[in-house]
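Taking it in order: structure first as structure tokens, then the write-up.
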Amino acid sequence: MAIEKSVKETYYESIIKQGYSRRDFMKFATYIAAYMGLETSMIGQVAKSLENTFRIPVIWEHYQECTCCSESFIRSDHPIVSDIILDKISLDYTLTLMAASGHQAEAAKQATMEKYKGEYILCVEGSVPLGDDGNYCCIAGRSAKDLLIEAAEGAKAIIAWGSCASNGCVQAAYPNPTQATPIHKIIKNKPIIRVPGCPPIGEVMAGIIVHMITFGRLPELDGLGRPKAFYSKRVHDSCYRRPYYDAGLFAETFDDQNAKDGYCLYKVGCRGPMTYNSCGTIKWNNGVSYPIQSGHGCIGCSEENFWDNGPFYERLTGLAGFGIESSADTIGKVAAGVVAGGLAVHAVAANISKRKELKSRTSRGIQNEKKLDS
Amino acid sequence: MQTRKFRRVYVWELPVRFFHWINAFSITVLAVTGLIIANPPAILSNKEASDIYWFGTVRFIHFATAYVFFFNMIMRIYWSFVGNKFSSWRAFWPFNKKMWHNFLHVIKVDVFLANEKKPDIKDISIGHNSVAAISYVILFLLALVQVFTGFGLYSANAGWWLPKMFAWVVPFLGGDFIVRTIHHATTWLFILFTLIHVYLVFYHDWLEGRGEVSSMFGGYKFVCDERLKKLVEDEEIEAPVDEEAMEIIE
Numbered sequence: 001m002a003i004e005k006s007v008k009e010t011y012y013e014s015i016i017k018q019g020y021s022r023r024d025f026m027k028f029a030t031y032i033a034a035y036m037g038l039e040t041s042m043i044g045q046v047a048k049s050l051e052n053t054f055r056i057p058v059i060w061e062h063y064q065e066c067t068c069c070s071e072s073f074i075r076s077d078h079p080i081v082s083d084i085i086l087d088k089i090s091l092d093y094t095l096t097l098m099a100a101s102g103h104q105a106e107a108a109k110q111a112t113m114e115k116y117k118g119e120y121i122l123c124v125e126g127s128v129p130l131g132d133d134g135n136y137c138c139i140a141g142r143s144a145k146d147l148l149i150e151a152a153e154g155a156k157a158i159i160a161w162g163s164c165a166s167n168g169c170v171q172a173a174y175p176n177p178t179q180a181t182p183i184h185k186i187i188k189n190k191p192i193i194r195v196p197g198c199p200p201i202g203e204v205m206a207g208i209i210v211h212m213i214t215f216g217r218l219p220e221l222d223g224l225g226r227p228k229a230f231y232s233k234r235v236h237d238s239c240y241r242r243p244y245y246d247a248g249l250f251a252e253t254f255d256d257q258n259a260k261d262g263y264c265l266y267k268v269g270c271r272g273p274m275t276y277n278s279c280g281t282i283k284w285n286n287g288v289s290y291p292i293q294s295g296h297g298c299i300g301c302s303e304e305n306f307w308d309n310g311p312f313y314e315r316l317t318g319l320a321g322f323g324i325e326s327s328a329d330t331i332g333k334v335a336a337g338v339v340a341g342g343l344a345v346h347a348v349a350a351n352i353s354k355r356k357e358l359k360s361r362t363s364r365g366i367q368n369e370k371k372l373d374s
Numbered sequence: 001m002q003t004r005k006f007r008r009v010y011v012w013e014l015p016v017r018f019f020h021w022i023n024a025f026s027i028t029v030l031a032v033t034g035l036i037i038a039n040p041p042a043i044l045s046n047k048e049a050s051d052i053y054w055f056g057t058v059r060f061i062h063f064a065t066a067y068v069f070f071f072n073m074i075m076r077i078y079w080s081f082v083g084n085k086f087s088s089w090r091a092f093w094p095f096n097k098k099m100w101h102n103f104l105h106v107i108k109v110d111v112f113l114a115n116e117k118k119p120d121i122k123d124i125s126i127g128h129n130s131v132a133a134i135s136y137v138i139l140f141l142l143a144l145v146q147v148f149t150g151f152g153l154y155s156a157n158a159g160w161w162l163p164k165m166f167a168w169v170v171p172f173l174g175g176d177f178i179v180r181t182i183h184h185a186t187t188w189l190f191i192l193f194t195l196i197h198v199y200l201v202f203y204h205d206w207l208e209g210r211g212e213v214s215s216m217f218g219g220y221k222f223v224c225d226e227r228l229k230k231l232v233e234d235e236e237i238e239a240p241v242d243e244e245a246m247e248i249i250e
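Quick mapping for you: the protein sequence lines, in order, are chains C and X. Read in UniProt numbering, the first sequence has 70 at position 70, and its numbers run on one by one without any break. Read in UniProt numbering, the second sequence has 192 at position 192, and its numbers run on one by one without any break.
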């Protein structure tokens, strides 16, 4: 079978077979090591691992999603990423890119799951609908939930690509009609790497896979299961507009002079200060730009519930249960007004209710005042 | 008609007074800088960004004051174990009969302004009244919310182990969005507390004339002479107040 043959190939062999030179390969090793945040001394280890490691069998599932994660991956900066990493690792099963279709495709998947039980990596793109018995997303006549549980059973680890698989993304936005559910809420007994972002950066995706090949284990994860190498800093902390923020120079609207001057987009709703991602350093489209550089605030696509967290162009987000338009400040101001009014009423009422007590106190005080020897 | 005789009683010890004013100061600074950070004013300048740092300074003040607020709170917790009975943690413990009796009294007389036919002198609290004590417990809980969410948000940039200890708060609550919203909304609860707190202090001073306001400066409150004897008889205070403290004020 085709799977068997390709699995026995190392990554290096595949790369050379594809027509790349040794020099191209070393350039790729250097490039990906840099993206992974490794020291230059580690480039050798990356190259060596790619030379000696056999291809990891991968099943790449697509559920409720828009395929933007795959799109992002194949548009990664370096051709080897799409050519070899994606092409070779996802050979076993990825319904959008594989040549086989229908029964053939499903058979290939079944074969991989049986042959490499406990060894293969399950990549999941998209959330899983749990509403109405999972009927909102079916592949080959079976619900996504069924397929996920089956594929996860024999997986060594699961990579949840993108915000859909990590957080539920747009389809999980209120009121979440299909009950779109992220992977970690369904599968509890496997290590899960969450790679949020809508989509995640292609280099980040490649970096995570190369990390697993190079070091033979999962990358270090943070409290939310995201690789620390790419998600430990806020977009804000690596933003090139950060000096404007510290200087207090902000664009007030999108068409004022400040916006033209490239000032900080904090006040027009930029979510950079609340969003953990590498957009500021790795950037997009071969490192050309990223949303803030293009003059639009970050929408926080790699954060949980970013879709429900208020309008993208306002800083304050609504408080749940107080209506769409009310922000914490509006409620706070109204509450402060009500309290101040209440206190004023109390002060007046106290003067009326306690008048006898006050009167007797005042008269006693006046008497004492008269008795003073001067 | 005779004026009641009052005696000075040392209620608020120096650390308690220090705590109060440092706390009041840091809450004010934190709320003001916090609201500026949340919605910075538009300040126009023709200088280069590299020559300006006012927003960074505001943030620095916010973070530095947060440490003051936090350590001041730790000090007060310590003092609640070694201080006098008015500052003891027992004064804030709401689960006893006496506390709830006084609570209902304060709600009736001071909040709903009812007049009692025969006022009982024992209903007037010497330290905090029960409603105040409970409001400070609530304030303490709000302070914890601010400490946890604040240090949680700060931890990603922190270089010290103390704020880093709160790094779990952000993933625990699901992300910076919700943590920031909680931090911001709770600020308003502090503002509401301050309004009510300051008003009620003035109210008690105005109605009872026992030096409620000045007690937080000098530490003394005025207590009825008869009350004091009664207290000594009931052994509610440890020893007879010494001569100097018995200085009679008319």
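Yeah, the Cβ is synthetic: ideal placement off N, Cα and C, and Gly gets one too.
- May I have the straight-line CA-CA distance separating C/R75 from C/C68, to the nearest angstrom? 10 angstroms
- Within-7 angstroms CB hit, C/E106 to chain X: no
- Would you mind telling me which residues of chain C sit closer than 7 angstroms to X/W21, beta carbon to beta carbon, in chain order? Neighbours of X/W21 on chain C: none; closest Cβ ~23 angstroms, over 7 angstroms.
- Item | Inter-residue Cα distance where the pair is X/P94 and X/S80 | 15 angstroms
- Item | X/L189 - containing alpha helix (DSSP H), residue span | 176 to 208
- For C/A172, is the classification buried or exposed, using 16 other Cβ atoms within 10 angstroms of its Cβ as the cut-off for buried? buried
- Message: Within a Cβ cutoff of 8 angstroms, which residues of the same chain sit near C/A229, ignoring the five residues on either side of it in sequence?
- Response: M36, G37, G207, H211, P219, E220
- Indicate the three-state DSSP secondary structure (helix, strand or coil) for C/R241 in the structure shown. coil
- How would you list, in chain order, the residues of chain X whose beta-carbon sits under 9 angstroms from the beta-carbon of C/V268? Within 9 angstroms Cβ-Cβ: nothing; C/V268 doesn't reach chain X, min ~12 angstroms.
- Task: Could you tell me which chain C residues have their CB closer than 7 angstroms to the CB of X/H184, listed as they occur along the chain?
- Result: A328
- Item | X/W161: first and last residue of the uninterrupted alpha helix (DSSP H) it sits in | 161 to 164
- Taking C/K354 as the query, report the chain X residues whose CB atoms sit under 8 angstroms from its CB, ordered along the chain. L113, N115, L207
- Message: Only counting the same chain, and skipping five residues up and downstream in sequence, which positions put a Cβ closer than 7 angstroms to that of C/K283?
- Response: S289, Y290
- If you measure from the beta carbon of C/G168 to each beta carbon in chain X, is any gap under 7 angstroms? no
- Whether X/C224 touches X/R8 by CB criterion (7 angstroms): no
- Helix, strand or coil for X/F95 per DSSP? coil
- Item | Interface residues of the stretch 15 to 28 of chain C facing chain X [CB-CB below 9 angstroms] | none
- Item | Presumed contact (8 angstroms Cβ cut-off) between C/G225 and C/H184, rounded CB distance | 7 angstroms
- Message: Check whether chain X comes within 7 angstroms of C/E303, counting only Cβ atoms and requiring the distance to be less than that.
- Response: yes
- Item | X/D176: contacting residues in chain D (beta-carbon distance under 8 angstroms) | No chain D is part of this structure, whose protein chains are labelled C and X.
- Task: For X/I249, count neighbouring C-beta atoms within 10 Å of its own C-beta (all shown protein chains included) and say buried if the count is 16 or more, exposed if not.
- Result: Confidence at X/I249 is low in this model, with a pLDDT of 41, below 50, so the placement of that residue is unreliable and no value is reported for it.
- Message: List, in chain order, every chain C residue whose beta-carbon is nearer than 9 angstroms to that of X/L195.
- Response: A336, V339, A340, L343
- Item | Beta-carbon neighbours of residue 260 of chain X, restricted to chain C and to distances below 7 angstroms | Here chain X covers residues 1 to 250 and nothing more, so residue 260 of chain X does not appear.
- Message: Quick check on C/N309 - is its C-beta less than 7 angstroms from some C-beta in chain X?
- Response: yes
- Query: Hey, is C/E369's beta-carbon within less than 7 angstroms of any beta-carbon in chain X?
  - Reply: no
- Message: Any beta carbon from chain C within less than 7 angstroms of X/Y67's own beta carbon?
- Response: no
- Query: Is C/S327 helix, strand or coil when you go by DSSP?
  - Reply: strand
- Message: Taking the beta carbon of C/L372 as the centre, do at least 16 other beta carbons fall within 10 Å, making it buried, or is it exposed?
- Response: exposed
- Message: Just to confirm my understanding: we take X/A156, look at its own chain, exclude 5 residues before and 5 after, and list those with CB closer than 8 angstroms. What are they?
- Response: A167, V170
- Item | Euclidean distance between Cα positions of C/A2 and C/G19 | Bear in mind that a pLDDT of 43 at C/A2, under 50, signals an unreliable position, so the number given afterwards is only what the model happens to contain. About 20 angstroms.
- Query: In three-state terms, what does DSSP make of C/Q104?
  - Reply: helix
- Item | Closer than 8 angstroms at the beta carbon, the chain C residues around X/I191 | G332, A336
- Message: Suppose the cutoff is 8 angstroms on Cβ atoms and the five residues either side in sequence are ignored; what does the same chain contact list for X/G83 look like?
- Response: E13, P15, V16
- Message: Counting only Cβ-Cβ distances shorter than 9 angstroms, please list the residues of the stretch 40 to 60 of chain X near chain C, keeping chain order.
- Response: P40, P41, A42, I43, L44, S45, K47, E48, A49, S50, D51, I52, Y53, W54, F55, G56, T57, V58, R59
- Message: Using only the alpha-carbon positions, how far apart do C/G297 and C/Y266 sit?
- Response: 8 angstroms
- X/F55 and C/G248 look like a contact to me (Cβ under 8 angstroms); what is the Cβ gap, rounded to whole Å? 3 angstroms
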